[in-house]
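Chains A and B, in that order, are what the protein sequence lines are.
For the first sequence, the positions run 648 to 836 when my numbering is used.
For the second sequence, the positions run 648 to 836 when my numbering is used.
First comes the structure, then the notes that go with it.
Protein chains: 2
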Amino acid sequence: MLDRYICEIYLLDMSRSRTPFVVLGLLLWEPMSGYDLKSTIERTVGHFWQESYGQLYPTLKALHAEGHVTLDVEAAGARQRKVYAITPAGRAAFSDWLAQPHEVTPARNELLLKVFFASVAEPHALVPHLEAARRQAQERLEVLVAIREAVRVEEATDHQRRCWLLTVEYGIRMAEATIGWATDGLEPG
Amino acid sequence: MLDRYICEIYLLDMSRSRTPFVVLGLLLWEPMSGYDLKSTIERTVGHFWQESYGQLYPTLKALHAEGHVTLDVEAAGARQRKVYAITPAGRAAFSDWLAQPHEVTPARNELLLKVFFASVAEPHALVPHLEAARRQAQERLEVLVAIREAVRVEEATDHQRRCWLLTVEYGIRMAEATIGWATDGLEPG
DNA sequence: AATTGCATGTAAGGAGTTACATGATTAA
DNA sequence: TTAATCATGTAACTCCTTACATGCAATT
């Protein structure tokens, strides 16, 4: 009865949501508050991963209840700050997750849906979608190239920089491939 | 009161879910049942879009309530078959959707999450993730190349084939780019 | 004085998957 | 006779986003 009560309120299904692992991974670096985590996520993995406060705060509560993080309430004046730090149990859970191969989640792509269904419309219906895709990929490419330059001068070990650059490089290659695809697709028309 | 009742039961928020448009787009081709739609989706757009029965059947009910599709119940023996056909209102809704540019939904990529967090583990932790990514992309590439050959000999207009091939070609380019990325990423290690 | 940033959270609701429930028909 | 395919649907549940609610601190 009590088990069930605790379970319903606190426990996470850590097999599906990745949020706990993003949190644990960042806390490996240094203790942080929910607010810190949000901004750190945006700054570091934001170009391929996002979290909302509505996801973050409940996850922190659950991670604490599970003993994966400790909580230290700093009261700087009347303003409270809840700083979380990772525990050995949290490190273990994170390592387990990191050692597993990533799951292949079949993607849904609305652009391709419109390209596919342009087949039932007039031929010129295709063009704006390819143009929009190319424009967006070009903008994204510019942003990612700027991020790459920033990461290159970041103070870090070679291994760290290599990992970070790989995530940026992935986005760059996808953007470049998208530009090539859209350009070739527009040509015959 | 009645308005609200009907609303809660039947109406779809066609601004967020794409399922109604996938259904309408396929019904433009020919009338189909929910079962037909499921298998047709797998066969045609399955490599970049999926739908479950749990999503399809309620969507069909709602589309019918909204007058976007008509329903014809075929009773072949004791086995019932509900065949849906698109209405002018359905065509209009579909055309509106198709004319809008696609929405850019910020992607979440678990592979990149693991690559990023390999930075806090030992350098060799990175390797299996890149290898897995390359292997998966290679398998996907083989499947897509086979699909491309099948589409090339499909009986269709040039415009139709062009649209279908573009969706397959997109997947191929992404897979190739992924293979290149993973290969280059593995090299320095 | 007003705005931006720091800081915490909850409530409601939507999209979607999975598991369940049922049953007829056809081919091996 | 057994399995696969045809066929329809619901219920429970998860993940996640958005909107809401609150208030202090620092800067302009």
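Every residue gets a Cβ at the ideal spot worked out from N, C-alpha and C, and that includes glycine.
Is any beta-carbon of chain A found at less than 7 Å from that of residue i?
{"i": "S766(B)", "result": "yes"}
{"i": "A793(B)", "result": "no"}
{"i": "A601(B)", "result": "Since the first and last residues shown for chain B are 648 and 836, residue 601(B) lies out of range."}
{"i": "Y817(B)", "result": "yes"}
{"i": "P667(B)", "result": "no"}
{"i": "K685(B)", "result": "no"}
{"i": "G832(B)", "result": "yes"}
{"i": "T814(B)", "result": "yes"}
{"i": "H771(B)", "result": "no"}
{"i": "Q727(B)", "result": "no"}
{"i": "K761(B)", "result": "yes"}
{"i": "Q807(B)", "result": "yes"}
{"i": "A779(B)", "result": "yes"}
{"i": "P753(B)", "result": "yes"}
Hey, does residue i have any beta-carbon neighbour from chain B nearer than 7 Å?
{"i": "H715(A)", "result": "no"}
{"i": "E757(A)", "result": "yes"}
{"i": "L737(A)", "result": "Residue identity differs from the one stated: residue 737(A) is Gly in this sequence, not Leu. Answer no: the Cβ-Cβ gap between G737(A) and chain B never drops below 7 Å."}
{"i": "R690(A)", "result": "no"}
{"i": "M821(A)", "result": "yes"}
{"i": "G672(A)", "result": "yes"}
{"i": "L745(A)", "result": "yes"}
{"i": "Q697(A)", "result": "yes"}
{"i": "L675(A)", "result": "yes"}
{"i": "A824(A)", "result": "yes"}
{"i": "P705(A)", "result": "no"}
{"i": "Q785(A)", "result": "no"}
{"i": "P748(A)", "result": "yes"}
For residue i, list the residues DSSP reports as bridge partners.
{"i": "I826(B)", "result": "Partner(s): none; I826(B) has no beta bridge."}
So residue i packs on residue j, CB below 8 Å; how close in whole Å?
{"i": "T814(A)", "j": "V762(B)", "result": "6 Å"}
{"i": "V720(B)", "j": "G737(B)", "result": "Not confirmed; about 18 Å, so no contact."}
{"i": "Q666(B)", "j": "Q702(B)", "result": "The question names Gln, yet the displayed sequence has Thr at residue 666(B). Their Cβ separation, rounded to whole angstroms, is 5 Å, which keeps T666(B) and Q702(B) in contact under 8 Å."}
{"i": "A824(B)", "j": "A824(A)", "result": "4 Å"}
{"i": "L671(B)", "j": "F741(B)", "result": "4 Å"}
{"i": "L675(B)", "j": "V767(A)", "result": "5 Å"}
{"i": "Y682(A)", "j": "L707(A)", "result": "Not a contact, Cβ separation roughly 11 Å."}
{"i": "M821(B)", "j": "M821(A)", "result": "6 Å"}
{"i": "R795(B)", "j": "L812(B)", "result": "7 Å"}
{"i": "V669(A)", "j": "L760(B)", "result": "7 Å"}
{"i": "T687(B)", "j": "L673(B)", "result": "6 Å"}
Is residue i near the ligand ATP - that is, is its Cβ less than 6 Å away from at least one heavy atom of it?
{"i": "R738(A)", "result": "As presented, the structure is devoid of all ligands, the ligand ATP included, so that no description of it is given."}
For the stretch 785-821 of chain A, list the beta strand (DSSP E) runs that are entirely contained and at least 3 residues long, ordered along the chain. none
With contact counted as at least three CB pairs below 8 Å, one residue from each stretch, are the stretch 755-775 of chain B and the stretch 690-706 of chain A in contact? yes
Beta strand (DSSP E) segments (min. 3 residues) lying fully within the stretch 654-731 of chain B: 716-723
The stretch 762-775 of chain B contacting the stretch 768-786 of chain A, beta-carbon criterion three pairs below 8 Å: no
Inter-stretch contact at 8 Å, needing at least 3 Cβ pairs: the stretch 789-804 of chain B / the stretch 815-830 of chain B: yes
Are the stretch 797-810 of chain A and the stretch 742-750 of chain A touching by the rule of at least three beta carbon pairs closer than 8 Å? no
Report the start-end ranges of each alpha helix (DSSP H) in the stretch 740-780 of chain A that is 4 residues or longer and not cut off at the edges. 757-764
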